[in-house]
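Here's the structure we're looking at; comments come further down.
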Amino acid sequence: MYRLILWCLLVLLVPGGAVAQVTMEARLGLQGALRLGKWNVVTVQVHNTGASVMGTLGVRTWLGSETRGDFHTTTFTRPVELPPGAQKRFTFAVPISGIADPVEVTLRTGETMLAQQRLDLREALHAEQVIVGLTHDVSLDFLATVFTKTHTRVVYLPPSELPQHWSGYDSVSAVVVKGVSLQALSAEQNTALHEWLANGGTLIAAGDSQYTLLMEPRLRALLPVEVLGLQQVEGLPAFVTHYDVPFPETPMVVVRARLTRGQVLVGTPDAPLLVQRRFGKGRVVFLAADYAMQPFPSWQGRGALWNDILQTPENVDFARLFAELGMLDETHPIMKLFGRPVLDFPSHLTLGGCLLVYCGLLAGLFWRMSKHQERCWGYWSGVVVVIVVFALYALSPLLERGLNQPALVFDVTTMELLSETGYAHLQGHLGVFSVRGGQFDLTFQQPETILRHTFTRGVGKAGKDLEASLTGSFTLHDIALESWALRVFTTESMAPTPVQVTVQPHVAGLTIRVQNRGALPLQGAMVVYQGKIFALGAVAPGEAVFDDLYPTLRSADSAQEMTWRVLLKRRPAEADTRLTYFQEVLLQQYFGDKRLAEASETPFLAGWLMAPATLVSAAWPVQGVTLVVSRLAL
Amino acid sequence: MVWIPFRRAWRNPIFHGGLVAFAQQPTYRSYSLNYIAALATVLLITWPKEGFVNLRDLPFTYNALGGTTLIILAYLNVSQGATRSLGSRYLSLHDWLVLAPVPAGQFLRGYLAASCLELLLFWGLALPLLILAAHVSGEPLLHLGIGMLIILVCAGSYRIVGVTLLTCFERDEFLLYILVRLLYVFFILGSGFVAPLYNPVLAFADASLWPHRLGSVTLLGLTLHGWAMTVVLHLLLGGGSFIIALARVRWVQRRGAARETREEGRGHG
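See the structure below:
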């Protein structure tokens, strides 16, 4: 009896019990493989064995460096609803730049911590190159030893575990598909794969006995060849010729195909063995042979073949390294923008005129007062009126509106249209400058936006904790800034292209068609080709413009002029002169010091969307413009 | 209720006389023009280069102008408060009290109110320029309001201090001259080093975007900003000075009355 009472008391006194109801298991990277400096996947499995739970799942990472003064944490949060017995899996893509600090995964409901796990990055499998294999076998393991200068890991994933968003592929260098259907991917997974490819990924489709999988719609739409069937061959003499390494003349089966687009690397257009095509900034590679079948595993030229397929850059990417070290911070477009007159307060001349009138009126009244002592009360009333009128004038027409807001938000974005992919890559340069300090939120137009880099400048300090909410849209919360502090961000995102550009070469030049599918007019559209500029003008939403361009015509611009300078001269006339500075820094950032002749070996289209393309104007207006650029494949 | 003090001030004969004298005296008009020209020059010099945001330095214009206004007004109020502005230099406080037979409190209130007209004029003249400076420095209207309050309270308290000095040391002009200058140097300069909470210029900067160097003070469980403590201290200074001046006026009045009684008694005797 006493024991029963004691047990009842214990049950009553122990609070909650909610902690024990939820179990959580978090995993780092794609099967544990991580790539530092990139966004990596964190998969969280949650199991609720108790009552229904509504909470917030958060993944916290540490970024930046104390010595550079940009050390900060970013917590990626997502609301979770866990009915009784629910077992759910959530995937986050988070930036990981160093191994010193762990990644912290938490599940909270209100202020109560339901579960917490710290993932030690020192125990993760680090790599400089991660290759994802969508295969039934593990025959890609040899790739880990092929690249001597680049530490490579191969990860085998079932199609269901492929990332749902392109940011999940940020750490992935290539995806190899062999004997696996892409039709099983969800629509989100398929879009994510396309977006990643368009932004520079590499997809390799290799031959397999199940060749019909290469004829399925999703893969067929990407491949540079039309798959016709299988054929038996005696050795592969084309490989011998190309790599100068003997290939055993044993009977083997390869996929029979025909080139439809792209470039044959090995073989002929009618019997291609290795073909690649450009897909935006990425590549799709077709290998007709099954690399897992004999005699490939023992072939000496295998390393050279995979070097050709993956085209791994063995040089250090100094531009990226410098950017990560913060050495390019001072040349960030937002920093350049702050070197220009972006505010709109009265000039010395206006101020001088205003002060002269004020002092003159007062002097006049005082003079009249000395002449007419009997009317001094009237003149004193005049003095009061002058003070009140000038105070009211100073309050409104001479107000610097930018400085009299809680924050100045700038968004200058470069939108690169990735031809033939249907996607555009957006690189956003954002700045939040707080005059009086406070906490600010930024809402992004694209739900999957990657924050590449952030740093702060100014007299005031910036908060070290950021919260990125992934609820529907991507929102950065709690950007804390003291007075006179600036926080700068560089972001990347992918979006369906708002402008479709097609180009056809003809005998004397080019025929170009620009179709605007977006909601904003494309202004000042121009094509640069062979050192000449062809103006297309504005393209209204829903409209299309056709034009024939003849490079033989004389141009008013010298081909030796800086490209950015020429394009700035040809920009659409704007009433707001501050937009010119935005355009100038964007053009300088994109084209650098390239001269017109150097920058236009292949034709490209440039135009302007006179609105920010990365941020949503929410609590306070966002100032900015978007440079639209498209390199046109002939 | 709000109008009662104004109505009483209007009916105060000392204030009434002072107001008429203020309206007709050319000295204030000349001072005003010099003062506004000085402030306009400071504003033009510190006005920032067109359109730029200087990330490395906080905006300077507002604090420069506010500081200059305080420095000028502090001197004017201490020194002018200690000057016999309400009559001939040969008239003493005792003579005044004999000529205007009003209670000591009424006399002092009227004298102070009339004396503060000059302060109000100068404070109002600076307002449009300070609004311009606040806008170009990104200061919100709240900061501007606090800044104007600091100027008014501090300069007003210095005026009371000046009047108190005048009532106490009216016969020793040299001592008065030295004391006025010593006190001014202490309030504007010395206090910044030894008692920063007394310094009006630091308080003005503290109430702006600039770093809050005065910190905060907890008083009776209430946490006050540094500038608020400066305002409180100046109110106490003004109040204390007023009490001293009132005691002195009463003493002079009583002593004068006793002397008259004695003289009358001697005359009858």
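So the protein lines, in turn, are chains W and P. 605 is the number that the numbering used here gives to position 605 of the first sequence; each next residue is one higher, with no gaps. 1229 is the number that the numbering used here gives to position 229 of the second sequence; each next residue is one higher, with no gaps. We treat Cβ as the ideally placed atom computed from N, Cα and C, and that holds for glycine.
In this structure, the beta-carbon distance from valine 255 of chain W to alanine 292 of chain W does not fall below 8 Å. For valine 172 of chain W, the enclosing beta strand (DSSP E) starts and ends at 172 to 178.
Its Cα nearest to that of threonine 61 of chain W, the residue W/Ala93 stands out among W/Ala51, W/Ala93, W/Gly32. Counting other Cβ atoms within 10 Å of its Cβ, tryptophan 1010 of chain P stays below 16 and is therefore classed as exposed. Taken in chain order, the members of the segment 362 to 394 of chain W whose beta-carbon sits within less than 7 Å of a beta-carbon on chain P are Leu362, Ala363, Phe366, Met369, Ser370, Gln373, Cys376, Trp377, Trp380, Ile387, Phe390, Ala391, Ala394. Glutamate 374 of chain W carries a helical assignment under DSSP once its states are collapsed to helix, strand and coil.
Chain P places no beta carbon closer than 8 Å to that of tyrosine 423 of chain W, leaving this residue out of the contacts. Secondary structure at threonine 563 of chain W: helix, using DSSP grouped into helix, strand and coil. Counting C-beta pairs closer than 8 Å gives three or more between the segment 1208 to 1215 of chain P and the segment 1054 to 1062 of chain P, which meets the contact rule. Within chain P, the residues whose beta carbon sits less than 7 Å from that of glutamate 400 of chain W are His1135, Val1136, listed in sequence order.
One finds Pro1048, Glu1050, Gly1051, His1135, Val1136 in chain P with Cβ atoms closer than 8 Å to the Cβ of phenylalanine 345 of chain W, taken in chain order. For serine 1032 of chain P, at least one C-beta of chain W is nearer than 8 Å to its own C-beta.
Under the rule that a run must span 3 or more residues, the beta strand (DSSP E) segments found entirely inside the segment 434 to 474 of chain W read 438 to 444, 449 to 458, 465 to 469. With respect to tyrosine 1158 of chain P, glycine 1239 of chain P sits apart: the two C-beta atoms are not nearer than 8 Å. Within the same chain, Cβ atoms closer than 7 Å to the Cβ of alanine 1100 of chain P are found at Pro1013, Ile1014, Phe1107, the five residues on either side in sequence being excluded. For arginine 35 of chain W, no beta strand (DSSP E) segment is defined, and its DSSP state is neither H nor E.
In the DSSP assignment, tryptophan 1251 of chain P forms no beta bridge with any residue.
Around arginine 1056 of chain P, the beta-carbon contacts reaching into chain W at under 9 Å are Arg457, Gly458, Val459. Valine 622 of chain W and proline 612 of chain W do touch by the CB rule: their CB atoms are close to 5 Å apart, below 8 Å. In this structure, glutamate 561 of chain W places its C-beta atom within 8 Å of the C-beta atom of leucine 596 of chain W. The Cβ-Cβ distance between valine 503 of chain W and proline 603 of chain W falls below 8 Å. For tryptophan 620 of chain W, the closest Cβ of chain P is not nearer than 8 Å. For chain W, the residues of the segment 1113 to 1127 of chain P that bring a beta carbon within less than 9 Å of one of its beta carbons are Leu1121, Gly1124, Leu1125, Leu1127, in chain order. Beta-bridge pairing by DSSP links serine 1216 of chain P to P/His1225.
In this structure, leucine 586 of chain W and proline 333 of chain W form a Cβ contact; the two beta carbons are roughly 6 Å apart against a cut-off of 8 Å. The beta-carbon of phenylalanine 338 of chain W is placed less than 8 Å from the nearest beta-carbon of chain P.
When DSSP states are grouped into helix, strand and coil, histidine 332 of chain W belongs to the coil group. Taking a 10 Å sphere around the C-beta of tyrosine 1111 of chain P, we find 16 or more other C-beta atoms and assign the residue as buried.
Alanine 33 of chain W is positioned such that its CB atom lies no closer than 8 Å to that of valine 105 of chain W. At least one C-beta of chain P is nearer than 8 Å to the C-beta of valine 342 of chain W. With a 10 Å radius around the Cβ and a threshold of 16 neighbouring Cβ atoms, proline 1026 of chain P comes out exposed.
Interface annotation, alanine 1037 of chain P: in contact with chain W, CB-CB separation under 8 Å. With at least 16 other beta carbons inside 10 angstroms of its own, glutamine 276 of chain W counts as buried. Counting every other CB atom within 10 Å of its CB across the protein chains shown gives aspartate 1172 of chain P a total below 16, marking it as exposed. Here leucine 214 of chain W carries a helix assignment [DSSP, helix/strand/coil]. Note on geometry: alpha-carbon atoms of proline 551 of chain W and glycine 542 of chain W lie some 28 Å from one another.
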